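Same order as they appear, the protein sequences are chains A and B.
Quick note on numbering: the first sequence equals residues 56 to 229 in this note's numbering.
Quick note on numbering: the second sequence equals residues 338 to 541 in this note's numbering.
In this text, a Cβ means the ideal position worked out from N, Cα and C, and glycines have one as well.
On a predicted model such as this, the values are computed, not experimentally measured, just so you know.
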Amino acid sequence: MTTIIYAAIAIAFLIMVIGFLRKPLPDDPDETSAGYAPKIGSGRWLDLSEPIFNPSDARWLEDELAFPKLASDLRLERKRLAIRWLQALQASFDELVRTPEIVPSEAPGSTVDHGWQMLGLTLRFKFLVSYALFMVKVFGPYHRLIPSFSWVPLPQKEDPNLRRAAMAGSRGSN
Amino acid sequence: MYLVYGFDRSAYRSAYWFYFLISILVEFAVLVEISDHIFQSLPAIRHLGRALTVAISATLALTYILPVILWEQSRRLALLDFALRASVTKVIVLAALFIAARHYGLQIGKSVAGLMLGFSIYLGLNIANLAANKAFHPALYGGIYWIMTPTAYSLCLLVWTVALWDYVPAPSRSTISPVAGEGSESLALELTRFNNQLSKLIDK
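So this is what it looks like as structure tokens:
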């Protein structure tokens, strides 16, 4: 049985290799994944995260104007926008990563190799964006992306003024 | 090895194990060489191939290969299993390199593609051969194993010879670099800017 499994692994691997080497690549890899990704360079679209991830208008609709249905629709729309914004960010980053090498004669003065540092930044970004996408898809755009540890019973500093007031209140009630 | 076997049969055993250990090291060296060349044209992920190779090899060496040497009862089976699992590890590394190259839309040059194809054929045949040798009795499969190992090696060398006969440089992408003329420092700055933007969002 194990022999058959290993033989299947070997055959599947060879088929995969031949498939990879034969299949031509699309001209623009971003065309299929996220065609709405803005071109990198200007960077102004990055500021869109502020209104997308800001919950104040949904809260205003729900709490002050008492439109819970409208607030719910707005939240759903914002969630969709947040996912698209994160995907666009990822696509733009991938486009940046695909920047081809500049030959040394074209780039005078760039003698330092930042290879490992750049790889670290690339992997860090990939991890963070995947995590953020997961959190937004599951909990929505207004949820804290880093989990809150408020449920952990940590010893808190007591405010001496509050303590004094509480003691005075307890004496008064007696 | 055939010559050693023919001329000095008593030295064959020690020569075989020496060859066996050297070949495993050389195979990993080939893997490192392939991984270094795949992402060579993209400075941001130039070391991704080596990082993947080292990380996957180290993880599987500790969790998948080492236990078989420590806990297998029969020495023959332990050595066969060791070679088999080392080959499976190399296949996993190659598959990860293929997937990463595909993800970044890299066009693999003829030379590197040939290196990968030849090595993949060698590893695929090796896995099937070692698994069969482990499953069947040596009296039944020993003769076939004796022929199959050099056959896999010769096939690999044949593909490498064809692929590397004429040097063909790796095709470059037609993308215009947004940081052209400013070197890798600008690219590192751009990567940092993206990371900072995302960190700001996550820390909020």
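_Minimum C-alpha distance to B/Thr529 - residue among A/Ala63, A/His169 and A/Leu120_ = The shortest Cα separation from B/Thr529 among A/Ala63, A/His169 and A/Leu120 belongs to A/His169.
*Check whether the Cβ of A/Arg153 lies closer than 9 Å to any Cβ atom in chain B.*
yes
*Can you tell me the Cα-Cα spacing of A/Ser88 and B/Arg350, whole angstroms?*
Its pLDDT being 47, under 50, A/Ser88 is placed unreliably in this model, and the value from its coordinates should be taken loosely. Approximately 56 Å, taken between the alpha carbons.
*For B/Tyr441, return the contacting residues in chain A, with the cut-off set at a CB-CB distance below 8 Å.*
Ordered by position in chain A, the residues that pass the 8 Å Cβ test against B/Tyr441 are Pro84, Asp149, Val152 and Arg153.
*Shorter than 9 Å from the beta carbon of A/Leu144 to some beta carbon of chain B?*
yes
_Top-ranked residue by Cα proximity to B/Leu467, from B/Leu501, B/Arg413 and B/Leu431_ = B/Arg413
*Got a sec, what are the start and stop residues for the alpha helix (DSSP H) A/Asp112 sits in?*
Per DSSP, A/Asp112 belongs to the alpha helix (DSSP H) from Ser111 to Arg114.
_Please list, in chain order, the chain B residues whose beta carbon lies closer than 7 Å to that of A/Arg179._
Asn532
*Interface residues of chain A around B/Met453 at Cβ under 8 Å?*
Val72 and Leu76
*For B/Leu494 versus B/Gly451, is the C-beta spacing smaller than 9 Å?*
no
*asked:* Is the separation between the beta-carbon of A/Met71 and that of B/Phe435 shorter than 9 Å?
replied: Contact check for A/Met71 against B/Phe435 passes: the beta carbons are separated by less than 9 Å.
_Quick check on the DSSP output: what are the complete alpha helix (DSSP H) runs of length 4 or more inside the segment 374-410 of chain B, in order along the chain?_
385-397 and 403-408
*Alpha carbon to alpha carbon, how far is B/Phe456 from B/Thr426?*
Cα to Cα, the separation comes out at about 13 Å.
_Closer than 8 Å at the beta carbon, the chain A residues around B/Phe435_ = Met71, Val72 and Phe75
*Spell out whether any CB of chain A is found under 9 Å from the CB atom of B/Val367.*
No, B/Val367 does not count as interfacial toward chain A.
*State yes or no: is the beta carbon of A/Val193 nearer than 9 Å to at least one beta carbon in chain B?*
no
*B/Gly480 versus A/Arg77: straight-line alpha-carbon distance, rounded*: 35 Å
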